[in-house]
Amino acid sequence: MIVITTHTNADFDALASMVAASLLYPGARLVFSGAAEPLVRRWLEENRDRLPEIHPLKGLDHGQVERLVCVDVSSSERLGPLVELLRRTPPTPAEVFDHHPGAGDLKGERHVVKEAGACTTVMVNCLLEAGIEPTPLEATLFLLAIYEDTGFLSYPTTRPLDFEAVLQCLKWGGDLRAVQQTLHRGFTEAQMRLLAAMFEHLEAVAVGGVTVHLTTLALEDYVPDLSVLVHEILAMEGIQAIFLLAYLENRVHIIARSRTP
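When you line the sequence shown up against the numbering used here, it's residues 1 to 261, in that order.
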């Protein structure tokens, strides 16, 4: 039996990563190593019938576990009682998926760790490589995880790979309205779509020895506070200056932001 698990205080990133892993390992048993956060528990209750079953830790026969897939966790200390599977002789083979390179002591026969704002981002990339398409509800769960873990793509730990994962989840049918209703903070649905589109068209250009970034939007109606979205793109690590060219009614509106004068 293959068991998929995560850290002992499961948030949306942990849950989403587990669900994504279940698509990579059909028939695997999903087990929380501890508890889930209250909001995650409520969301699970509302959508339990359309998601893989999450089994309780109690009653798991360790003798039947042939492989342990660990997601959104890099330290064995955060596996709770399931760490015993790795400490027995011989240890249970493990596979690790995480988004903090170099952190923790967990090592897996398959070790997929990439720098990103959310582990779900790493899992979305794995699904793409495997040619696996999740359901719209699963894609919505992935969006929930990425937006929660990155502060709606605003935290300094957010990486380009997170934006790319958001775009892919939207293509899979992820529902931004459901994300907004569940997390109750951050940008509106329209703003999140614009932000994703801005990133999709983002490109770097060398000007006088300085790298600046350009992005474009084609707008049907006037959108207030576009500068806020430009600032969010600027906040990404590595971007020093950005120009937005917004096309509206035969006019081009330019918004520029820079880290330095």
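Think of the CB as a built atom: it goes at the ideal place given N, C-alpha and C, for glycine as much as any other residue.
Annotation for W172: E133, P134, P136, A139 place their beta carbon closer than 7 Å to its own, counting only its chain and skipping 5 residues before and after. A direct Cα-Cα distance of roughly 39 Å separates R177 from V65. Inclusion of A16 and I4 in the CB contact set at 7 Å is not warranted, their separation being larger than that value. Taking 7 Å as the cut-off, the beta carbon of G108 is found closer than this to the beta carbon of V96. Straight-line measurement puts the Cα of T150 at about 15 Å from the Cα of K114. Among the bridge pairs identified by DSSP, L217 is matched with A246.
In the three-state DSSP reduction, R257 falls in the strand class (E or B). Contact check for S74 against H100 passes: the beta carbons are separated by less than 7 Å. When rounded, the separation of the alpha-carbon atoms in F152 and T92 is 37 Å.
Apart from the 5 residues on each side of it in sequence, T216 sits with its Cβ closer than 6 Å to the Cβ of H201, L245 in its chain, given in chain order.
Secondary structure at I4: strand, using DSSP grouped into helix, strand and coil. By the 16-neighbour rule on beta-carbons within 10 angstroms, I254 is exposed. If you compare the alpha carbons of L39, R29, G27, I2 with that of V179, the shortest gap goes to L39. The alpha carbon of T157 has as its nearest neighbour, out of M198, A118, L183, Q181, the alpha carbon of A118.
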